[in-house]
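In what follows, a structure is listed as structure tokens, so that the remarks can point back to it.
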Amino acid sequence: FNPSQVQAYRLVGYESRLLKDEDFNNDAKDAGDMGAGHTVTAFYEVIPTGVKNEYVGKIDDLKYQKKEKVSVKPTGSNELLTVKLRYKASDKDVSKKMELPFVDNKGNNVSSDFRFASAVAMFGQLLRESDFKGNASYDKVIDLAKQGLNNDDKGYRREFIRLVEAAKGLERTNKN
-4 FNPSQVQAYR LVGYESRLLK DEDFNNDAKD AGDMGAGHTV TAFYEVIPTG
46 VKNEYVGKID DLKYQKKEKV SVKPTGSNEL LTVKLRYKAS DKDVSKKMEL
96 PFVDNKGNNV SSDFRFASAV AMFGQLLRES DFKGNASYDK VIDLAKQGLN
146 NDDKGYRREF IRLVEAAKGL ERTNKN
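And the structure:
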């Protein structure tokens, strides 16, 4: 993450399943396998530099290590982060590394699949009663999921919306 753009971040949903830094370049360690032609989406919650947030600074400094000062001077780059990944061709034993920069587009031009996946992630935060759910609500989940209905040949996405509506009804019942 670019410290001139991002002051804090977290990987949503995989807090306890992280690959160790030293294992990234180790071809004997796999963080996850994907077949050819498949896609994966990872969601990071990002707090931009300069934005006040109740979660930033809540963790005490390490006792035996000095916290390094990170320069937050503008770098001239509008990149938020660089995604690094490794892959192996099906007929190879050695992986290749790719680095892909990511620039914030403020949510414009986001695919319907991404919108639907965002709804699923938000629903998970609600079900877990996550401290990080912010202003998420069942209505917001439903609205976002409906924006991702165009790739629903088998009806799974509509079924997801019905599940969210049922959970919303259960929440109302429990509050009474």
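So for the sequence shown, the working numbering puts the first residue at -4; every next one is plus one. Built from N, CA and C at the ideal position, the CB exists for glycine as well.
Approximately 18 Å separates the beta-carbon atoms of G150 and R110; this is outside 8 Å, ruling out the contact. As the crow flies, the alpha-carbon of K87 is around 29 Å from that of L76. A residue is called buried once 16 or more other Cβ atoms fall within 10 Å of its Cβ, and A114 is buried on that count. For F118, the enclosing alpha helix (DSSP H) covers residues S107 to L122. The alpha helix (DSSP H) runs lying completely inside the segment 133 to 159 and spanning 4 residues or more are 133 to 141, given in chain order. The beta carbon of E40 is closer than 7 Å to those of Y4, R5, V7 and F127 in its chain, skipping five residues each way along the sequence.
K92 and R157 have their C-alpha atoms spaced approximately 41 Å apart.
Counting along the chain, the unbroken beta strand (DSSP E) around T77 starts and ends at E74 to Y82. Pairing N(-3) with E74 gives a Cβ-Cβ distance under 8 Å.
Rounded to the nearest whole angstrom, the CA to CA distance from R153 to E49 is 35 Å. Annotation: the continuous beta strand (DSSP E) that includes E94 extends over K91 to V98.
According to the DSSP secondary-structure assignment, P43 is paired through a beta bridge with V1. Shortest Cα-Cα distance from G164 to any of Q2, S132 and L139 involves S132.
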